[in-house]
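K.L.:
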Amino acid sequence: MYTKAELEQFVEQAKQYARYGKVADYIPALGKADPNDLSIAIYLPDGNVIDAGDTTHKVTLQSISKIIALALVLMDRGEQEVFRKVGMEPTGDPFNSIAKLEEVQPAKPLNPMINAGALAVTHMIAGASVAERFERLLQFVRKLAGNPTITYSQEVAQSEFETAFLNRSLCYFLKQHGIINEDVEELMDLYTKQCAIEMTCIDLARIGLVFAMDGCDPFTDEQMMPLDVARICKTFMVTCGMYNASGEFAIKIGIPAKSGVSGGILAAVPGRFGIGIFGPALDDKGNSITGMKLLELLSKTYSLSIF
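Laid out in structure tokens, this is it:
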């Protein structure tokens with residue numbers, strides 16, 4: 046089960062779909078990616094890793110960071126405070142939409158996986174300065190991945206900071222309605238660095254494994270996050286993790302997962318293993334088109350759906 050040869054075969058099959066996608070060139074630094082790249086790592090609780098493709102390639106987390114920031118903030122602030130500022134409902138709107146903020150009263154983001162909700166969550170990371178808050182998040186990421194060398198791409202962070210006009214608009218809207226109360230440029234500095242944290246597929250899969258094991262590190266038996274925090278995060282991964290394609294993803298694949306516009310996907314198969322994928326060719330929703338095909342092949346072959 047889960048042999049390297051079979052994974053390599055799945056990668057070759059899924060790669061054929063790259064021609065239907067395109068890289069996220071609206072962030073200049075991400076536009077340099079090769080759309081034909083595709084790699085995967087499966088991290089098992091016994092420490093074995095099965096991988097295929099170039100798993101030494103580093104990928105920035107982008108929106109995958111939203112689920113990690115949410116776990117940290119839930120531990121910092123507690124459910125009641127977090128969900129006073131951010132909702133729990135999926136949306137059919139694009140991840141960067143401002144529309145629902147205007148329609149919903151009070152004007153709080155529908156969920157933590159859309160950009161408005163993620164900005165509200167990042168705003169709640171505890172610390173006295175941007176540097177201190179980012180360092181806390183980075184240390185948490187390193188702990189989850191079991192890799193103390195993880196850092197962020199200054200090039201990607203700068204590229205996003207300089208082009209994030211829509212995210213700034215969301216921040217000002219949130220500030221107007223009392224969801225955030227800090228300087229917008231400081232929040233953007235923190236958020237773009239958060240999105241630019243980079244790691245390999247193997248690191249991603251290791252984080253997925255911690256979520257799959259209900260927040261427990263199977264190698265040290267340390268509970269890295271409370272059971273309830275892991276449960277809430279996995280629920281959001283199922284209902285909102287693949288942007289406004291989450292419903293279709295749940296039916297076709299049915300694994301808690303979170304994607305990012307760099308082409309990364311973090312997935313957690315409850316009680317079994319974590320998966321990390323990198324495939325930068327995106328569909329029109331912002332999800333890795335080759336990565337989703339790869340997960341579909343895995344899910345159908347091994348009956349991984351939680352439903």
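If you count the sequence shown from 1, position 145 lands on 190 in this note's numbering, and the numbers rise without skipping. Glycine is no exception: its CB is placed at the ideal position from the N, C-alpha and C atoms. What you are looking at is a predicted structure, and each value in this text was computed from that prediction instead of being measured.
With DSSP as the reference, please indicate the residues paired to Q107 in a beta bridge.
P.N.:
For the purposes of this step, residue 107 is identified with residue 62 of the sequence shown, where counting begins at 1. Per DSSP, none; premise fails for Q107.
K.L.:
Comparing C-alpha positions only, which one of L343, G319, A74, S304 sits nearest to L189?
P.N.:
In the sequence shown, residue 189 corresponds to position 144, counting from 1. Of L343, G319, A74, S304, the residue nearest in Cα terms is G319.
K.L.:
If you follow the alpha helix (DSSP H) that V68 is in, where does it begin and where does it stop?
P.N.:
Position 23 of the sequence shown, counted from the first residue, corresponds to residue 68. Segment: none, V68 is in no alpha helix (DSSP H) and carries neither H nor E.
K.L.:
Just list the residues that DSSP pairs G321 with in beta bridges.
P.N.:
The residue labelled residue 321 in the question sits at position 276 within the sequence shown. Per DSSP, A86, L311.
K.L.:
Suppose you measure from the CA of T194 to the CA of M244; what does that come to, to the nearest Å?
P.N.:
The count along the sequence shown starts at 1 and reaches residue 194 at position 149. The count along the sequence shown starts at 1 and reaches residue 244 at position 199. So the alpha carbons of these two residues sit roughly 9 Å apart.
K.L.:
What ranges does the alpha helix (DSSP H) occupy inside the segment 103-187, keeping only unbroken runs of at least 4 residues that lie completely in it?
P.N.:
Correct list: 110-122, 124-130, 144-148, 160-168.
K.L.:
Please classify I296 as buried or exposed, where buried requires at least 16 neighbouring CB atoms within 10 angstroms.
P.N.:
Taking the sequence shown and counting its residues from 1, one reaches residue 296 at position 251. Exposed, by the Cβ-count rule.
K.L.:
I'd like the list of long-range same chain contacts for E53, defined as Cβ closer than 6 Å, with 5 residues on each side in sequence excluded.
P.N.:
Position 8 of the sequence shown, counted from the start, is the residue given in the question as residue 53. Excluding residues within five positions, the ones whose Cβ falls inside 6 Å are A97.
K.L.:
Measuring alpha carbon to alpha carbon, tell me which of Q268, A78, L215 ends up nearest A161.
P.N.:
Walking along the sequence shown from the start, residue 161 turns up at place 116. Of Q268, A78, L215, the residue nearest in Cα terms is L215.
K.L.:
Checking 9 Å against the spacing of the C-beta atoms, do A165 and V131 come in under that value?
P.N.:
Locating residue 165 in the sequence shown gives position 120, where the first residue counts as 1. Locating residue 131 in the sequence shown gives position 86, where the first residue counts as 1. Yes, the pair counts as a contact, with Cβ atoms nearer than the cut-off.
K.L.:
How close, in whole Å, do the beta carbons of I225 and L232 come, if the pair is a contact with beta carbons under 8 Å?
P.N.:
Here the question's residue 225 lines up with position 180 in the sequence shown. Here the question's residue 232 lines up with position 187 in the sequence shown. Sure, about 7 Å apart at Cβ, within 8 Å.
K.L.:
Can you name the residues that DSSP bridges to D96?
P.N.:
Numbered from 1 along the sequence shown, position 51 holds the residue referred to as residue 96. Bridge partners of D96: A86.
K.L.:
Name the DSSP bridge partner or partners of S304?
P.N.:
Here the question's residue 304 lines up with position 259 in the sequence shown. Answer by DSSP bridge pairing, in chain order: I310.
K.L.:
Identify whether M233 lies in helix, strand or coil by the three-state DSSP scheme.
P.N.:
For this step, residue 233 is matched to residue 188 along the sequence shown. Correct three-state label for M233: helix.
K.L.:
What are the boundary residues of the beta strand (DSSP E) that includes E243?
P.N.:
Here residue 243 refers to the residue found at position 198 of the sequence shown. It spans 242-244 - the beta strand (DSSP E) in which E243 sits, taken as one unbroken run.
K.L.:
Taking its Cβ as the centre, do 16 or more other Cβ atoms sit within 10 Å of Q61, making it buried, or is it exposed?
P.N.:
Your numbering for residue 61 matches position 16 in the sequence shown. Q61 should be labelled exposed.
K.L.:
Looking only at its chain, what residues have a beta carbon closer than 7 Å to the beta carbon of M270, apart from the 5 residues adjacent to it on each side?
P.N.:
Position 225 of the sequence shown, counted from the start, is the residue given in the question as residue 270. So the list reads A116, M120, G260, once near-sequence residues are dropped.
K.L.:
Verify whether the separation of the beta carbon atoms of G299 and I252 is less than 9 Å.
P.N.:
Here residue 299 refers to the residue found at position 254 of the sequence shown. Here residue 252 refers to the residue found at position 207 of the sequence shown. Their beta carbons are not under 9 Å apart, which means G299 does not touch I252 by this criterion.
K.L.:
Checking 9 Å against the spacing of the C-beta atoms, do L219 and P154 come in under that value?
P.N.:
On the sequence shown, position 174 is the one that residue 219 refers to. On the sequence shown, position 109 is the one that residue 154 refers to. Contact: yes.
K.L.:
From R122 to K238, what does the alpha carbon distance come to, in whole angstroms?
P.N.:
As a working note, residue 122 is residue 77 in the sequence shown. As a working note, residue 238 is residue 193 in the sequence shown. Roughly 21 Å separates the two Cα atoms.
K.L.:
Of the residues A176, E205, K338, R276, which one's Cα is nearest the Cα of S108?
P.N.:
Translated into positions along the sequence shown, residue 108 becomes position 63. For the residues A176, E205, K338, R276, the minimum Cα distance to S108 belongs to E205.
K.L.:
Between E57 and A202, what straight-line distance do the alpha-carbon atoms span, to the nearest angstrom?
P.N.:
Your numbering for residue 57 matches position 12 in the sequence shown. Your numbering for residue 202 matches position 157 in the sequence shown. So the alpha carbons of these two residues sit roughly 31 Å apart.
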